[in-house]
Structure formats: C-alpha cells, structure tokens
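Visitor: Chains as they are written, first to last, in my numbering: chain Z, 1 to 455; chain F, 1001 to 1455.
This is how it looks when you write it as structure tokens:
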C-alpha cells in the first residue's frame, strides 16, 4: 500500500492530472515547431433540466493551477517511462504558464455559451490546462448552483434557516467532498460537516451526534446524559434513534435533571413535518435541525407544510448534484494566431455551435434586475457591463483573491438580481442571451469558409 | 493562493477528512470513559434503478486509510483552534487503528444489506473511519459497476472492443478522476486517458488528438501531416472536425502520401453507426475509435446496429455514474460490547431494517452460477461460501494486496457467474438474498426489546 493511493495530488504529480492526448499534442506542437498563440474558451452548452442559471465556481482553483502547475522529477520520470521524448521532457521541466486568463468572478450567474474562463497563451500551455480546469469548474459550479437554489428556497419560504453540507460521505472521492463543501458555501450555505474542508478553506464546521452514539449506550437516557456531561449547553441531541417524540421527551427530562440549557435536537427520519411540530410542542425553545433526504424540493415542501426547523443538513443531493451530476462543459479552441494575427476558429458539428473568437458578455440590468445578456466579440462594444475580468496576465495573477465570504455575497446578489421566473426550481424561464450582430456575422462567415474548405 | 487548494490530501490532513460529529463523539467517548469495542457494517440499502448487482471496489483505499491515518501537527493545530480539548488531542496524537477489518475482495458482486466491509475495534477508532470509507467505497463501486456493465455489453454483442475511460474532465474533482480510472479498470476497462491515474495505479493510458489540434492548423491536411510526421504508424487521427467522411478520405490520402500505416481514426460526433460504416469502406484496415455519449446503452445500440468500431471511449456517463450518481451506502453500528460481550445493536426506523451483529454472507453456487446468497450471523454456519475475508487484524494487514489485474479478473468471473437476468442492463431480475433463521430471529427479538425499551 503506498501513500500514493491518497497522497498523489500534491505538487509532484498534479500536472499529470490531464488527458494523455493533451501531452501527445503538446509534444507534437513542440517537436514540430507549431506554437502559435491560441485562445480557449470554457463554457457549457445547455443548462441541466430544471435549472434556470448556473453559479460559476472553482475559479480560485483555475488560478491555483496556473500558479502551481509544474512537472517535477516524479512526473517527468513517469512520462519518460511511457514514451515521451527527451526534448519534450526538457520543455516540460521548464514549463510555466505565461499566458492570460479572463474569467467571470466566482458567484456570477452564467448561461449557455457564455465563456466562464478564457485562456490565451501559447497553444502548448493553454492546451495543458483543459482537463484540470474543466474538472474543477464544472463540478464546483454544479454544487454551488444546487446550494444557491436551496438558499433561495429558504429565503422565499423560510426564516434564514442554517444550511450545512452533510454530504462528504457520498461525494465522489475526497476532493469532491472538500470542493463540494467549498462550493456549497459559495452558494450560500453556512458551513460543512467536513473537518478537512474547514481546515483547508476556513469554512465553519458543524456537527451533532450519530445514531451510533445513542446505540452504543445501554439506554438512550445514558446516551443523552453522557453527551450533556461532555458538551453541556452546546449539545444537539439526535432524538430519532428509537422513537422521535419519546426521544424529545427524554431529551427535555434529562436536560432539566442536569440543568442544561439544551441548544438543539436533530431529526433524521420519519414524517419530518409532523414530527417537528410534535417536537416543537415539547421543546419550544430548542432549535430543530432537520436532515435526511434534504434538497431544494424537500426543504420547500417542509417549509410550506408548516414544518418547524432552524436548520437543514442536505447531503447526497447536494454533494453529488444528484439530479444533474454532469454539466456539458467544454474547453474549446476559439482563436489561433496566424501571420501574427489572432484568427477565429471553430469546429463544424451538426447541432452544436461554438461561437468563434475571444468574447465579452454584456449583462444588461434594469432597476437592479438582470434582463438579458449579449454575447459579443471581445473587440466590440455591446450593451451592458462585461462580466468577464482579466485575472492573469503574462502568467501573473493581477486580481485580488476574494474571500469565500465575498464570493458568497456575490452569489446572493446575483441570484437576487435574476428575474423570478429564472430563479424557479421547477421548469424555470429561459434567460435571454442574444448574440451580437458582429459575432453572428463572423460565425456565419467562418462557417461558410469552412464548409467550402477555403480556410 | 495556497498549495492547500489542491495539496491538502496528503498524510498531514487526511485524517481530517471526516465529519465533525465523528470527532465530537470520539472526544466524548474518550473523555467520558466510554470505549467499548464495537462493530460497524458498511452496506447499501438498495440497488439503483436498472442495476442488478454492484461490483465492490475501493477496498484498497480502506486498508490504506487504516494504515495511513494519523493526526499530524497541522491537523492537531486546527482541531485545537476549533475547540477540541488537550486530553483528546493527546489521544489523537497517538491515534493508530488497532482493530479488525473483514471485507469482500474487490471485484466481488454484492447485493443490498450485505456487508462490504465490517470494522471491529474500539468504538472510538471504528467511528473515525466512517466518512472516508463510505466516500471511497461508495463512489468506486458505482463506477466499477458502470464499467462492468459496459464490458458485459461488449462481451455479449461485440468483439472484445477496447474500452477506455475518457471522463476525467467531467469527474467530480481530481480524486474522482483518479479513482474513476481505477474503478473502471476494476470493472473491465483497458485503460484511461488520465495520466495521473496511470502514474498512481499503473493503469495503461490512451490518447488520440483533440479537435483543437486540427483547428490550430490552416488546413486539416496540414494538421494530419504534422501529426503523422510526429507519430507515424502509431497515429490515431480525429476525423470529424469538419466532415467525417471527407476526413476519412483525407486521412487515407495523407497516410498514403507519407507512407504511414495509419493505426486508427476517432469519430466523436454525428450518426456514429452510419459514419463508422462509411469510414470502414474507406479505411477497412484502420481501427475506429468511437467516443461521444458512450455508455452501456449507447454501446449496445452501436453494436447491434452494425456500427464498426474497435474501441469506445466512455466519459461523463462512466466517471459520474451519471444515471446513478449516488448509492445509499451506510456505515452502521451493529454490535457493541457490554460486560465483556459483543451484543447486537440496531436503530428502530420506519421502513429501514439494519440487521444487527457481525455477519457472514454465504454465496451458493450451482454449476458455476451464483444462485442465491444467505445473510447470516457471523457465528453460525450458513449455506454457501462466506464471501467476507479477514484483511486486517489488530491493525495489521494480514491479506496480500491483489494487483489491479487480479481484481479485474475477479470482477469478470463474478459477473459471468451471475444469472443472465441479473446481468441485464434494463430492468434486471432481483438476485435472491435470504436472511438466515438465526439472524431473522435475532433481529425480531432485538426489535421487540427496543420497542419495549427493555434494552
């Protein structure tokens, strides 16, 4: 058993988190002397069902990748063993990203075809980033979106209930557990149960007790007494191990006997609306924390049915973005240098349009509400404020790194600025994204040239 | 930007990949002197839709966790900052798992309620493992199952086509990309595009070229010529950037001009069946590699419709287990020591039964086919061979670590031994798992005792 089974994500081998063809192409570019500048655009083609918007997240990791990616001895030795040649390995040994990155700030709402990240640099270096950048931005954006929907439901139907990510155990691996905690916070959650995420990102951590605590004692009374002896007024007791209402009565009795001002109880099974009302009769001054099967739909149902809860702990549905576990997010070459000039590029593909060239996205606001976006050429003026910002120039980070709290505030502001119909969690309205005349004309002209092979 | 954004999964903080309540409970157990032995069982409650079996995977990571988990200075400093007390931190500083683990070998098919892993040790140490073990086994088992279904479809309808994981870019974070590559190999894939997974696990890596290669040249001809100049007979050309049939003709022409014996072409869009037939007319001796939207259903459709392909590159559907991104996998306390004796334990919960106690799973075979399983008490004899093996005793690994190739062979043998109806990918038959009389009686008796609170 090697430490590598968990520990292979450090600086030594992170650069290998790429598809083999990226390296094969890079070797070909370097060895064949084909190293024009190029622009790649990261965007998604369509929103998952029942999503009216996507909250962009994971951009901090894009920037980190640019700063951290390098090929150390262990990576180079592996590539040598698997057939890459010395000249290329020498190139990789000196690899450092020296290009430009434009991106929308984390927490920004984005729509199909809009660039979330645009990378411009040598074709070789821009190619390398593809796999890692898609992997980080796609997943975190899905989870941030799911979280933002839950926060929005609480804002509409609830009373500022606490939302805590409980889903690490069902997340797809350890990085997913950590990044889901981060993305949930970006989306408006208050914290996570994941201690490593707390350590890594400074996110508040929350926790109560498991059924195993209660079961491990001869009686539920002893279980409660022992927990209160340890944690006193800070205690949240899980009361549904044997019988929720009986558990609430016992919690009340034990707390009174011990002079403890019980902070909370957790309900994790059964008819949560009915049980929470019954528990509220018994423990009116104690916060109820509701878990088990929570997502935006379950929270709305709970709140609109009169359930009593001070907080919710969504898990699986959040960290796997269970109803939309994948996003059709892509990283496409949109421009390439020829004769010293950047020229728009596109693939011809039935049904899928990739608009060529570097872009801007104008977001038009009226009275504090986003009303439409305009996708335009980077070098033209379009209506609205361009949501893309330049974050890296010549390989150096030129923007301040916002705090997670600042990003979280961006998300909230963005979601609140959306038309109501776009915020809906069932069959949302489609937000209008138009293509500027100049970009449409360029797309058509390029398609014609490609179709006639007069490229 | 800290290295921590990617590099926090090394030995320094891996032990923090746990839910906060695990540590809160552990502190309570230690400080209150409640440290009986306990057995936890990891199992899932039901199969996802259209799944007849689950391929167990990720057990190597369970064992690695047991061997590697320790609390270093960075972890302890964080826990101190977040309120854990000195006595408990002293305990953690000396933490080492000293218990027993029984598990089914990786590649074994398993069914609802059957323990995949059983951990017996001090309640404190067994509690800690919960989050990490669920996270690793649940995800890898989902992907191994998805992969095994694709391999099985190829076995039934195809001709030993190569299967390569292309899904790292859509996986949920970097660990998911790596572990999906591992699990896909366990399930019967031939390799992965992920270079880091190749390095970490010794899995063969595969790659062709992207559309960006083709687009980056003034003409498709130059793109093909340059690639062939670099890779010669080893080349696989992507031919659908502008027009698939035209691309095949061009590939033929360029290869002939350059005297290259082209190895393969890749098709990534359009009507793949029709296009692959057309391409086969043009390049009958060249392997066609088919990607875009591949899963077990698309592969079956392609093969049964006469598509021509030597290999498939499933991506998103595989690495996110897209149609079943979560498994209701749990880690439940099933026995706890009292007065020097292990006693069965369970939670009372409406609709969900957790069978108490340590268990064995007898698998009954007839003529090389698995016909039924019997879930029994660990201390009884039941029909069939017990599929659980002891892998860790007193914290030491006592079993040999099988190679990934050996695990892959176990999967294949297991899937082939299933009844045909259970292997089906649409609405499969339910495999019979019965509960032994002794276990059923114990469950009923315990439920009665709990319901009468005479525990």
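Yeah, the Cβ is synthetic: ideal placement off N, Cα and C, and Gly gets one too. Source: prediction; values computed, not measured.
In whole angstroms, give me the CA-to-CA distance for residue 1354 of chain F and residue 1449 of chain F.
Guide: Here residue 1354 of chain F refers to the residue found at position 354 when the second chain is read from its first residue. Here residue 1449 of chain F refers to the residue found at position 449 when the second chain is read from its first residue. The alpha-carbon atoms of residue 1354 of chain F and residue 1449 of chain F are separated by roughly 15 Å.
Visitor: Leaving out five residues before and five after residue 1456 of chain F in sequence, what residues of the same chain have Cβ atoms less than 8 Å from its Cβ?
Guide: Nothing can be reported for residue 1456 of chain F, as the shown portion of chain F is limited to 1001 through 1455.
Visitor: Is there a C-beta anywhere in chain F that falls below 7 Å from the one on residue 137 of chain Z?
Guide: Mapped onto the first chain, residue 137 of chain Z falls at position 137. By this cut-off, residue 137 of chain Z is not an interface position.
Visitor: Return the Cβ separation of residue 1149 of chain F and residue 1296 of chain F in integer angstroms, given the expectation that the two are a contact with Cβ distance under 8 Å.
Guide: Here the question's residue 1149 of chain F lines up with position 149 in the second chain. Here the question's residue 1296 of chain F lines up with position 296 in the second chain. Correct: roughly 4 Å between the Cβ atoms.
Visitor: If we call anything under 7 Å between Cβ atoms a contact, is residue 69 of chain Z one with residue 106 of chain Z?
Guide: Within the first chain, the letter at position 69 stands for residue 69 of chain Z. Within the first chain, the letter at position 106 stands for residue 106 of chain Z. Not closer than 7 Å, so no.
Visitor: Less than 7 Å between the C-beta atoms of residue 189 of chain Z and residue 165 of chain Z, yes or no?
Guide: In the first chain, residue 189 of chain Z corresponds to position 189, counting from 1. In the first chain, residue 165 of chain Z corresponds to position 165, counting from 1. Against a cut-off of 7 Å, the Cβ pair of residue 165 of chain Z and residue 189 of chain Z comes out as a contact.
Visitor: Does the beta-carbon distance from residue 1307 of chain F to residue 1273 of chain F come in below 7 Å?
Guide: Walking along the second chain from the start, residue 1307 of chain F turns up at place 307. Walking along the second chain from the start, residue 1273 of chain F turns up at place 273. For residue 1307 of chain F and residue 1273 of chain F, yes; Cβs fall inside 7 Å.
Visitor: Measure from the C-beta of residue 1325 of chain F to each C-beta in chain Z and report whether the shortest distance is under 7 Å.
Guide: Your numbering for residue 1325 of chain F matches position 325 in the second chain. True, the Cβ-Cβ gap to chain Z drops below 7 Å.
Visitor: Does the distance from the C-beta atom of residue 440 of chain Z to that of residue 48 of chain Z stay below 7 Å?
Guide: Against the first chain, residue 440 of chain Z aligns to sequence position 440. Against the first chain, residue 48 of chain Z aligns to sequence position 48. Cβ atoms of residue 440 of chain Z and residue 48 of chain Z: not closer than 7 Å.
Visitor: In whole angstroms, give me the CA-to-CA distance for residue 1389 of chain F and residue 1397 of chain F.
Guide: Your numbering for residue 1389 of chain F matches position 389 in the second chain. Your numbering for residue 1397 of chain F matches position 397 in the second chain. The straight-line gap from Cα to Cα measures roughly 12 Å.
Visitor: If you compare alpha carbons, which of Z:135, Z:167, Z:146 is closest to residue 1170 of chain F?
Guide: Numbered from its first residue, the second chain carries residue 1170 of chain F at position 170. When each option's Cα is compared against that of residue 1170 of chain F, the closest is Z:135.
Visitor: Does the beta-carbon of residue 6 of chain Z have 16 or more other beta-carbons within 10 angstroms, so that it is buried, or is it exposed?
Guide: Position 6 of the first chain holds residue 6 of chain Z. With a pLDDT of only 49 at residue 6 of chain Z, under the threshold of 50, the placement of this residue in the model should not be trusted, and no figure is reported.
Visitor: Against residue 322 of chain Z, what residues of chain F qualify as contacts under a CB-to-CB distance less than 7 Å, listed in chain order?
Guide: Position 322 of the first chain, counting from 1, holds the residue named residue 322 of chain Z. Per Cβ cutoff of 7 Å: 1325, 1326.
Visitor: For residue 1080 of chain F and chain Z, any beta-carbon pair shorter than 7 Å?
Guide: Your numbering for residue 1080 of chain F matches position 80 in the second chain. So no, residue 1080 of chain F is outside the interface.
Visitor: Got a sec: which bits of the stretch 1333 to 1352 of chain F sit with their beta carbon under 7 Å from any beta carbon on chain Z, in order along the chain?
Guide: Within the stretch 1333 to 1352 of chain F, the qualifying residues are 1333, 1336, 1338, 1345, 1347, 1348, 1349, 1350.
Visitor: Do you know how far the Cα of residue 344 of chain Z is from the Cα of residue 357 of chain Z?
Guide: Along the first chain, one-based indexing puts residue 357 of chain Z at 357. Along the first chain, one-based indexing puts residue 344 of chain Z at 344. Roughly 4 Å between the two C-alpha positions.
Visitor: Who are the neighbours of residue 414 of chain Z on chain F, taking C-beta pairs under 8 Å?
Guide: As a working note, residue 414 of chain Z is residue 414 in the first chain. What residue 414 of chain Z touches in chain F: nothing, since even the nearest Cβ is about 23 Å away.
Visitor: Could you name the residues that DSSP lists as bridge partners for residue 465 of chain Z?
Guide: Residue coverage of chain Z in this structure runs from 1 to 455, which leaves residue 465 of chain Z outside it and unanswerable.
Visitor: Give me the Cα-Cα distance between residue 1154 of chain F and residue 1291 of chain F, rounded to the nearest whole angstrom.
Guide: What you label residue 1154 of chain F is simply residue 154 of the second chain in a count that begins at 1. What you label residue 1291 of chain F is simply residue 291 of the second chain in a count that begins at 1. Whole-angstrom Cα-Cα distance: 15 Å.
Visitor: Could you list which residues in chain Z have their beta carbon closer than 8 Å to that of residue 1233 of chain F, in chain order?
Guide: Indexing the second chain from 1 puts residue 1233 of chain F at position 233. Going along chain Z, no residue has its Cβ under 8 Å from residue 1233 of chain F, so there is no contact; the nearest lies around 14 Å.
Visitor: Which residues of the stretch 33 to 67 of chain Z have a Cβ closer than 8 Å to any Cβ of chain F? Give them in chain order.
Guide: If the cut-off is 8 Å between Cβ atoms, the stretch 33 to 67 of chain Z has 34, 36, 38, 40, 60, 61, 63, 64, 65, 67 near chain F.
Visitor: So which residues of chain F does residue 206 of chain Z contact, with C-beta pairs closer than 7 Å?
Guide: Stepping through the first chain from its first residue, residue 206 of chain Z is reached at position 206. Near residue 206 of chain Z (Cβ distances below 7 Å), the residues of chain F are 1020.
Visitor: Looking only at C-alpha atoms, which of F:1192, F:1196, F:1163 sits nearest to residue 1175 of chain F?
Guide: As a working note, residue 1175 of chain F is residue 175 in the second chain. Among F:1192, F:1196, F:1163, the Cα nearest to that of residue 1175 of chain F is on F:1196.
Visitor: Using a threshold of 7 Å, state whether the C-beta atoms of residue 1029 of chain F and residue 1123 of chain F are closer than that.
Guide: Numbered from its first residue, the second chain carries residue 1029 of chain F at position 29. Numbered from its first residue, the second chain carries residue 1123 of chain F at position 123. Cβ atoms of residue 1029 of chain F and residue 1123 of chain F: closer than 7 Å.
Visitor: Which residue comes first and which comes last in the alpha helix (DSSP H) that contains residue 153 of chain Z?
Guide: By 1-based counting over the first chain, the position of residue 153 of chain Z is 153. Element bounds for residue 153 of chain Z: 130 to 157.
Visitor: Is DSSP giving residue 1424 of chain F helix, strand or coil here?
Guide: On the second chain, residue 1424 of chain F is found 424 positions in, with the first residue counted as 1. Residue 1424 of chain F: coil per DSSP, three-state reduction.
Visitor: By DSSP, does residue 378 of chain Z sit in helix, in strand, or in coil?
Guide: In the first chain, the residue the question calls residue 378 of chain Z occupies position 378. DSSP places residue 378 of chain Z in coil when its eight states are reduced to three.
Visitor: Within this structure, are the beta carbons of residue 288 of chain Z and residue 256 of chain Z separated by less than 7 Å?
Guide: Here residue 288 of chain Z corresponds to residue number 288 of the first chain, with the count starting at 1. Here residue 256 of chain Z corresponds to residue number 256 of the first chain, with the count starting at 1. No; because the gap between Cβ atoms is not below 7 Å, this pair is not in contact.
Visitor: By the three-class DSSP mapping on this structure, what secondary structure does residue 236 of chain Z have?
Guide: Within the first chain, the letter at position 236 stands for residue 236 of chain Z. Correct three-state label for residue 236 of chain Z: strand.
Visitor: For residue 1452 of chain F, count neighbouring Cβ atoms within 10 angstroms of its own Cβ and tell me buried if that reaches 16, exposed if not.
Guide: As a first step, residue 1452 of chain F must be located in the second chain, where it is residue number 452. Burial call: exposed.
Visitor: Pick helix, strand or coil for residue 1252 of chain F, following the three-state DSSP scheme.
Guide: On the second chain, residue 1252 of chain F is found 252 positions in, with the first residue counted as 1. Helix, per DSSP.
Visitor: Is there contact between the stretch 1093 to 1103 of chain F and the stretch 1203 to 1223 of chain F, where contact requires at least three CB pairs shorter than 8 Å?
Guide: With a cut-off of 8 Å, the stretch 1203 to 1223 of chain F and the stretch 1093 to 1103 of chain F do not count as touching, because too few Cβ pairs lie within range.
Visitor: Could you tell me whether any Cβ in chain Z is nearer than 7 Å to the Cβ of residue 1175 of chain F?
Guide: Working through the second chain from its first residue, we reach residue 1175 of chain F at position 175. Chain Z, which has a Cβ nearer than 7 Å to the Cβ of residue 1175 of chain F, makes this yes.
Visitor: List in chain order: all unbroken beta strand (DSSP E) runs of 3+ residues lying wholly within the stretch 1029 to 1117 of chain F.
Guide: Qualifying beta strand (DSSP E) stretches, in chain order: 1037 to 1044, 1100 to 1103.
Visitor: Assign residue 1381 of chain F to one of two classes, buried (16 or more other C-beta atoms within 10 Å of its C-beta) or exposed (fewer than that).
Guide: For the purposes of this step, residue 1381 of chain F is taken as the residue at position 381 of the second chain. Looking at its Cβ environment, which holds fewer than 16 other Cβ atoms inside 10 Å, residue 1381 of chain F is exposed.
Visitor: Spatial neighbours of residue 240 of chain Z within its chain, please: C-beta separation below 7 Å, excluding the five flanking residues on both sides.
Guide: Translated into positions along the first chain, residue 240 of chain Z becomes position 240. Contacts found: 247, 267, 268, 269, 270.
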